[in-house]
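> Taking my numbering as reference, the numbering of the sequence shown is continuous, increasing by one, and the terminal residue is 534.
Beta carbons are placed, not taken as given, at the ideal position from N, Cα and C, and that holds for glycine.
Dumping the structure here so I can ask a few things about it.
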Amino acid sequence: MPKTVNVPPVAGSIPIRPTPARYRRCSISVLDTRDDPMMRFDAEGRCHYFHEYAEAERLHVRAGAEGRAELERLADNIRATGRGKQYDCILGLSGGVDSTYVAWQAKQLGLRPLAVHFDNGWNSELAVGNIESIVSRLEFDLFTYVIDWNEFRDLQLAYLRASVVDIEVVTDHAIVATLYRLAAKHGIRHILSGTNVVTEQVLPPHWVFNKTDHVNIRAIHREFGTSPLKTYPFMDLKVKKYHQIVRGIRSHAILNLVDYNKAAVKRLIASELGWRDYGGKHHESIFTRFYQGHILPVKFGVDKRKAHLSNLIFSGQMTQAEALAELERPIYNPAQLAKDRDFVLKKLELGEADFAELMLRPPRPHTDFACERSVYAEYPMLRPFRGMAELLKTAIK
C-alpha cells in the first residue's frame with residue numbers, strides 16, 4: 138500500500154485529502170497530483186496539461202492580423218448565407234464574460250444574431266440585469282427558453298443521487314440542443330460559440346463528462362429520477378450529425394480568432410455594455426456557484442479555480458505567483474455560502490439531512506451508467522462511408 142504524507146492545505150482553500158508520497162506540482166501552473174494522480178511531467182517539471190494547451194493553441198488560436206482576416210472571412214460567409222433571412226447567426230447568451238464578448242464581436246462584425254438565453258431557473262439577479270443591458274445596447278433580439286422547472290429539478294436531483302461529478306451536464310446538453318433546434322427552425326446555418334482555448338482548454342478529464350451524451354442523461358434519470366422528462370430538450374448524436382451534415386449548421390469558436398485577454402475584455406464589456414462582474418467563472422448561475430464552490434470541493438475534492446488559473450498562466454495572462462495568491466482566498470465567502478445553501482436546498486425541495494446524506498455518498502463515474510456510442514459503433518455497416526461523411530462536412534464549412 139503506498140505511503141501517504143500530509144501536505145498542509147493552502148489557507149482558505151478546500152479541505153485537502155491525504156496526498157500520495159509522490160506528490161508533485163507543475164513547475165509553471167498550480168495543478169498538482171492531487172488534481173490528477175496520473176499527471177505527467179517533462180524534464181523541466183511542466184505537466185502534460187501545459188503541452189496539451191500549447192498544442193491546442195497551435196492548432197486553433199489565430200491571434201493578430203491572421204485571426205482578424207479569418208474572422209472577417211467567416212463573417213462574410215455568415216452574411217452571405219443569411220442574406221434575406223431575419224437572422225444570419227445564433228448565439229447563446231448567459232451574461233458571462235465569454236458569451237458577452239461573443240455578442241460584442243458579432244456586433245462589430247455587422248452580423249444579425251438571434252441571442253438565446255437558456256433559463257434553467259437558477260439565474261442570479263445580476264445575470265438578468267447583464268443580459269438585459271447587453272441586448273439593449275447591442276440592439277439584438279433575445280429569445281429566452283424557459284425549461285420546465287419540475288422536470289429540471291427532478292433531473293438535477295437524479296444527478297445528485299447518482300453521485301456523479303458533472304451535474305452541469307444537464308444544463309450544457311440542453312443549451313446545445315436548444316441552439317441547434319432554434320437554428321434549424323429559423324434556417325440559420327451558423328452558431329457563434331464562446332468556447333475558447335485561452336481560458337477554457339485546461340480541465341482534468343475526470344472532473345467533467347461528455348456534455349452531448351443523451352444516453353447517459355437518460356440512464357441516470359431512469360435510475361434516480363421520479364417523474365418523466367416530457368419536454369427536456371435532448372439531442373442525440375444522430376440528430377446533431379443531421380443538423381451539421383444535411384442542414385449545414387456549423388458552430389464557430391470565434392474567440393479563438395481574436396486577441397482574448399480576459400482582464401481587458403472585462404473592462405471592455407463593462408464600459409461598452411454596462412456589464413457587471415460576478416466574481417467567479419460561471420457564477421452568473423446560483424446553482425453553478427454553489428456546485429463549484431461547495432459540492433465539487435467538499436464531495437469530490439475538486440477546486441476548478443486551479444484549472445481556470447492554470448489556463449490563464451499557460452496563455453500568458455497570469456503568473457504562477459498571482460494564481461497561488463488567488464488560491465489563498467476562500468473558495469466561497471462564508472456568508473454567501475450560507476445564503477446560497479439555503480436557497481438551493483429550498484428550491485430543490487431538499488432537506489438538510491437528505492442533502493448531507495447525498496454529500497456523503499461515494500462518488501461514482503458516469504460510466505457506471507449507459508453511455509452513447511458513435512454512429513459507426515451503433516451501425517457498423519456505415520463505417521465504409523465515414524471518409525465520405527468527413528469530406529462532406531469539410532465541404533460545407
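1) Between Ile-328 and Ile-227, which are expected to be in contact by the criterion C-beta below 8 Å, what is the C-beta distance as a whole number of angstroms?
2) By the DSSP assignment, the alpha helix (DSSP H) with Ser-447 in it spans what residues?
3) Label Ala-400 either buried or exposed according to how many other C-beta atoms from any shown protein chain fall within 10 Å of its C-beta, with 16 as the threshold for buried.
4) Residue range of the beta strand (DSSP E) that Asp-256 falls in?
5) Based on Cα-Cα distance, which residue from Asp-491, Glu-486, Leu-340, Arg-510 lies nearest to Trp-286?
6) Quick one: residues in its chain with C-beta nearer than 6 Å to the C-beta of Thr-336, no 5 flanking neighbours on either side, listed in chain order?
7) Which residue spans inside the stretch 456-483 form an unbroken alpha helix (DSSP H) run of at least 4?
8) Got a sec? Which residues, its chain only, sit under 8 Å from Tyr-190 by beta carbon, not counting five neighbours each side?
9) What does the alpha-carbon distance come out to for the pair Tyr-513 and Val-376?
10) To the nearest angstrom, report how far apart Val-265 and Arg-159 are at their CA atoms.
11) Taking its Cβ as the centre, do 16 or more other Cβ atoms sit within 10 Å of Leu-196, making it buried, or is it exposed?
12) DSSP three-state call for Ile-328: helix, strand or coil?
13) Name the two residues that bound the continuous beta strand (DSSP E) containing His-188.
14) Residues bridged to Thr-368 by DSSP?
15) Keeping to the same chain, check which residues put their C-beta closer than 8 Å to that of Gly-204; ignore five residues upstream and five downstream.
16) Can you check which of these residues, Asp-213, Ser-231, Leu-464, Ser-273, is closest to Gly-247 by C-alpha distance?
17) Which residue or residues does DSSP assign as beta-bridge partners of Asn-169?
18) Okay, do the stretch 494-514 and the stretch 354-370 touch, 3+ Cβ pairs below 8 Å being the bar?
19) Arg-387 by DSSP, collapsed to three states: which one?
20) With a threshold of 8 Å, are at least 3 pairs of Cβ atoms found where one atom belongs to the stretch 285-299 and the other to the stretch 477-496?
21) Helix, strand or coil for Asp-396? Go by DSSP, reduced to three states.
22) Pull up the distance between the alpha-carbon of Leu-168 and that of Leu-464, whole angstroms please.
23) In its own chain, which residues sit with a C-beta less than 6 Å from the C-beta of Ser-422, not counting the 5 before and 5 after it?
24) Can you give me the C-alpha to C-alpha distance between Lys-476 and Arg-426, rounded to a whole angstrom?
25) Where does Val-512 fall in DSSP's three states?
26) Just how far apart, CA to CA, sit Ile-468 and Gly-430?
27) Look up Ser-422 in the DSSP assignment and give the residues it is bridged to.
28) May I have the straight-line CA-CA distance separating Arg-231 from Ile-268, to the nearest angstrom?
29) Among the candidates Tyr-296, Ser-270, Lys-378, Ala-193, whose CA atom is the shortest distance from the CA of Ala-314?
30) Three or more C-beta pairs under 8 Å: does that hold for the stretch 399-416 against the stretch 344-351?
31) With burial defined as no fewer than 16 other Cβ atoms inside 10 Å of the residue's Cβ, what is the status of Ala-243: buried or exposed?
32) Are Glu-305 and Tyr-428 touching if we call contact CB-CB under 8 Å?
33) Excluding the 5 residues preceding and the 5 following Arg-478 in the sequence, name in chain order all residues of the same chain whose CB lies nearer than 8 Å to its CB.
34) Go to Leu-228, then tell me how far its beta strand (DSSP E) extends in each direction, as first and last residue.
35) Output needed for Arg-183: all residues of its chain with C-beta closer than 7 Å, excluding positions within five of it in sequence on either side, in chain order.
With the given structure in hand:
1) On the sequence shown, residue 328 is found 191 positions in, with the first residue counted as 1. On the sequence shown, residue 227 is found 90 positions in, with the first residue counted as 1. Right, the Cβ-Cβ distance comes to about 5 Å (below 8 Å), so this counts as a contact.
2) One-based indexing of the sequence shown puts residue 447 at position 310. Note, Ser-447: alpha helix (DSSP H), 441-451.
3) Within the sequence shown, residue 400 is the residue found at index 263, counting from 1. Exposed, because fewer than 16 other Cβ atoms sit within 10 Å of the Cβ of Ala-400.
4) Within the sequence shown, residue 256 is the residue found at index 119, counting from 1. Here the beta strand (DSSP E) through Asp-256 covers 250-256.
5) The residue labelled residue 286 in the question sits at position 149 within the sequence shown. With distances taken between Cα atoms, Trp-286 lies closest to Glu-486.
6) Mapped onto the sequence shown, residue 336 falls at position 199. Around Thr-336: Lys-399, Asn-448.
7) 457-464
8) The residue labelled residue 190 in the question sits at position 53 within the sequence shown. Taken in chain order, the residues that qualify are Val-334, Gln-338, Val-339, Asn-448, Phe-451, Ser-452.
9) Along the sequence shown, one-based indexing puts residue 513 at 376. Along the sequence shown, one-based indexing puts residue 376 at 239. Any reading at Tyr-513 must be qualified, since the residue scores a pLDDT of 44, below 50, and its modelled position is unreliable; no value is offered.
10) For the purposes of this step, residue 265 is taken as residue 128 along the sequence shown, with counting starting at 1. For the purposes of this step, residue 159 is taken as residue 22 along the sequence shown, with counting starting at 1. About 46 Å.
11) Taking the first residue of the sequence shown as 1, we reach residue 196 at position 59. Exposed: under 16 other Cβ atoms inside 10 Å.
12) To locate residue 328, count along the sequence shown from 1; it is residue 191. Of the three classes helix, strand and coil, the one that applies to Ile-328 here is strand, per DSSP.
13) Sequence index remark: in the sequence shown, residue 188 carries index 51 (1-based). Unbroken run through His-188 is the alpha helix (DSSP H), 185-197; no beta strand (DSSP E).
14) If you number the sequence shown from 1, residue 368 lands on position 231. Its beta-bridge partners do not exist; DSSP assigns none.
15) As a first step, residue 204 must be located in the sequence shown, where it is residue number 67. Excluding positions up to five away in sequence, the list reads Val-198, Asn-393, Leu-394, Val-395, Asp-396.
16) Sequence index remark: in the sequence shown, residue 247 carries index 110 (1-based). Ranking the options by Cα distance to Gly-247, first place goes to Asp-213.
17) Here residue 169 corresponds to residue number 32 of the sequence shown, with the count starting at 1. Note on residue identity: the sequence assigns Asp, not Asn, to residue 169. Per DSSP, Arg-162.
18) yes
19) By one-based count along the sequence shown, residue 387 stands at place 250. Note: Arg-387 maps to strand in three-state DSSP.
20) yes
21) By 1-based counting over the sequence shown, the position of residue 396 is 259. Note: Asp-396 maps to coil in three-state DSSP.
22) If you number the sequence shown from 1, residue 168 lands on position 31. If you number the sequence shown from 1, residue 464 lands on position 327. Rounded to whole angstroms, Leu-168 to Leu-464 spans 11 Å at the Cα level.
23) As a first step, residue 422 is located in the sequence shown; it is residue number 285 there, counting from the start. If we look at Ser-422 and ignore the five residues flanking it on each side, its Cβ neighbours are Trp-259.
24) As a first step, residue 476 must be located in the sequence shown, where it is residue number 339. As a first step, residue 426 must be located in the sequence shown, where it is residue number 289. Each residue's alpha carbon lies about 12 Å from the other.
25) Against the sequence shown, residue 512 aligns to sequence position 375. At Val-512, the pLDDT of 47 sits below 50, so the modelled position is not reliable; the number obtained from the coordinates is stated separately. Three-state DSSP puts Val-512 in a helix.
26) For the purposes of this step, residue 468 is identified with residue 331 of the sequence shown, where counting begins at 1. For the purposes of this step, residue 430 is identified with residue 293 of the sequence shown, where counting begins at 1. Taking the straight line from one Cα to the other gives about 6 Å.
27) As a working mapping, residue 422 is identified with position 285 in the sequence shown. According to DSSP, which records beta bridges pairwise, Ser-422 is partnered with Asn-260.
28) Position 94 of the sequence shown, counted from the first residue, corresponds to residue 231. Position 131 of the sequence shown, counted from the first residue, corresponds to residue 268. A small fix is needed here, since residue 231 is Ser in this sequence, not Arg. The straight-line gap from Cα to Cα measures roughly 7 Å.
29) For the purposes of this step, residue 314 is taken as residue 177 along the sequence shown, with counting starting at 1. Cα-wise, what sits closest to Ala-314 is Lys-378.
30) no
31) For the purposes of this step, residue 243 is taken as residue 106 along the sequence shown, with counting starting at 1. Buried is the call here.
32) Position 168 of the sequence shown, counted from the start, is the residue given in the question as residue 305. Position 291 of the sequence shown, counted from the start, is the residue given in the question as residue 428. Contact flag set, yes.
33) Here residue 478 refers to the residue found at position 341 of the sequence shown. Closer than 8 Å at Cβ, skipping near neighbours: Phe-427, His-431.
34) Position 91 of the sequence shown, counting from 1, holds the residue named residue 228. Residues 226-229.
35) Here residue 183 corresponds to residue number 46 of the sequence shown, with the count starting at 1. Cβ neighbours of Arg-183 beyond the five flanking positions: Cys-163, Ser-164, Ile-165.
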